[in-house]
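Report on one structure; see the data block that follows.
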C-alpha cells in the first residue's frame, strides 16, 4: 500500500481511482464497511482504491482547542486500512487555507487533478469545502461535470442495544473505561501507543516492573483503573496488567499508562515504541493504606489478567 502526505506526493501517472474521504478515526466497523465497498468498486472497475483523510483533525484548525481525543494515530489507521486491502492512503495537511477551499475547488484539486477519480463512495451525511457547504447533492452535480460517479450509501452499524456505532461513541466508551464496549465499536481492542520512558520505578521496587508509556498527543486514554490486555514491543505480544491513573497510594499527580508484562523477567523496553491493547476492565483506581495491601491487590490483578489473556 502506498502512503502519501500531501497532494504533491501523488504520482502523476497514478491512473484512475475509486475514492472515499473522511477522518476515519479508529477505522471502526462502520468505516470498514465504506472502505471495503471502495475496494470492491475499484476491483470491479480496474481502478485503484484510495482513502483520503486529514491531519490535524479539521476541528482543531477551524475551532482551535477542540481537537477530539484520537482513537488511532495516522500510521495505525494506515496499517488497518492496508490490512483491508486499500491501495493508497492520502493524508492531506489540513490548514486554514485548505479549509477555505470552495466545494468545487476541493473536488477539482483532490478528486479530479490529483486522483483522477472515476467513482467516490460516501455516506449520506458527507460534507466538504469551506464551512462544510458542499453536500452529496452538490457532489453528484460536480461528478456529472467532471466525469465521476457517486455512490451514496448507509454505512450505519448498530451495537447490540441499537446504538449507531461511531467514533464519538467509541471516545465516550474509552473515557468511561468500557473497553469491552469500545472493542464492539472498533471490531478489535482499543490501542494506546507511545515511547517507554523512565518513571518513578516503584513497580520495579515492588516486584512488578512496568513499561511507563508516554502516549502520543490527543490520545484517547481509558478512564483511571486497572485493566487486562496486551503489551506489544518489537512485534512481540505479551499478556499484561495495565494501570491508568495517578498512583494515589503514592500521592502521585501525573496521569500515566503503565503496563506490566506478566511473568516476563529482565525486559528492557526503555526508548522503544510500544502499544498497549485494552481487553477488560478489572477495577477502579484505589488508594491503599499500606504497601502490603497494595501488593495483595496487585497480585490479584495480575492473576485475573493472566486468566483473561491466556
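Residue numbers (our numbering): -7 to 302.
Just so you know, even glycine gets a beta-carbon here, dropped at the ideal spot from N, CA and C.
Check: Can you check whether the CB of residue 98 is closer than 9 angstroms to the CB of residue 57?
Finding: no
Notebook entry, point to check: Pick from 275, 64, 25 and 189: whose alpha carbon is nearest that of residue 76?
Noted result: 25
Next item on the list: Measure the C-alpha to C-alpha separation of residue 20 and residue 61 and round it to an integer number of angstroms.
Entry: 15 angstroms
Item checked: Beta-ladder partner(s) of residue -6, from DSSP -> 80
Next item on the list: Would you kindly report the start and end of the unbroken beta strand (DSSP E) that includes residue 275?
Entry: 265 to 275
Note to self: With H, G and I counted as helix, E and B as strand and the rest as coil, what does DSSP make of residue 306?
What the structure shows: In the structure displayed, the chain extends from -7 to 302; residue 306 sits before or after that span and is not available.
Note to self: Checking the sheet assignment: what are the DSSP bridge partners for residue 9?
What the structure shows: 40 and 109
Note to self: Just to confirm my understanding: we take residue 119, look at its own chain, exclude 5 residues before and 5 after, and list those with CB closer than 8 angstroms. What are they?
What the structure shows: 125, 126 and 127
Item checked: Proximity of residue 268 and residue 183 at Cβ, strictly below 9 angstroms -> yes
Next item on the list: Grab the span of the beta strand (DSSP E) containing residue 233 for me, first residue to last.
Entry: 228 to 237
Notebook entry, point to check: What residues match up with residue 204 in a beta bridge as DSSP calls it?
Noted result: 189 and 250
Note to self: So, under 8 angstroms CB-CB, residue 106 and residue 174 are touching, yes? Tell me the CB distance rounded to an integer number of Å.
What the structure shows: The pair is not a contact, with the Cβ atoms about 34 angstroms apart (cut-off 8 angstroms).
Check: Under a Cβ-count criterion, where at least 16 other Cβ atoms within 10 Å of its own Cβ denotes burial, should residue 108 be classed as buried or exposed?
Finding: buried
Note to self: Counting beta carbon pairs with one atom in the stretch 24 to 43 and one in the stretch 129 to 136, are three or more of them shorter than 8 angstroms?
What the structure shows: no
Next item on the list: Have a look at residue 12 and residue 110 and give me their C-alpha separation to the nearest angstrom.
Entry: 11 angstroms
Notebook entry, point to check: Whose C-alpha, out of 0, 273 and 84, is nearest the C-alpha of residue 168?
Noted result: 273
Next item on the list: Take residue 162 and list the residues in its own chain whose beta-carbon comes closer than 7 angstroms to its own, dropping the five residues that flank it on each side.
Entry: 18, 20, 63, 174, 177 and 178
Note to self: Does the structure place the stretch 82 to 90 close enough to the stretch 225 to 237 that three or more beta carbon pairs sit under 8 angstroms?
What the structure shows: no
Next item on the list: State the Cα-Cα distance for the pair residue 290 and residue 217, rounded to the nearest angstrom.
Entry: 12 angstroms
Item checked: Same chain, Cβ closer than 8 angstroms to residue 213, neighbours up to 5 away in sequence not counted -> 61, 166, 184, 207, 236, 247 and 249
Check: In chain order, which alpha helix (DSSP H) runs of at least 4 residues are fully inside the stretch 105 to 161?
Finding: 128 to 138
Next item on the list: Work out the CA separation of residue 27 and residue 101 for me, nearest whole Å.
Entry: 22 angstroms
Next item on the list: Figure out for me which residue from 122, 172, 65 and 285 has the closest Cα to the Cα of residue 87.
Entry: 122
Margin query: Can you look up residue 25 in the DSSP assignment and give me helix, strand or coil?
Written below: helix
Next item on the list: Please name the residue, chosen from 220, 271 and 279, that lies closest to residue 252 on a Cα-to-Cα basis.
Entry: 220
Item checked: Whole-angstrom distance between residue 144 and residue 305, CA atom to CA atom -> Residue 305 falls outside the range modelled here, since the chain spans only -7 to 302, and no answer is possible.
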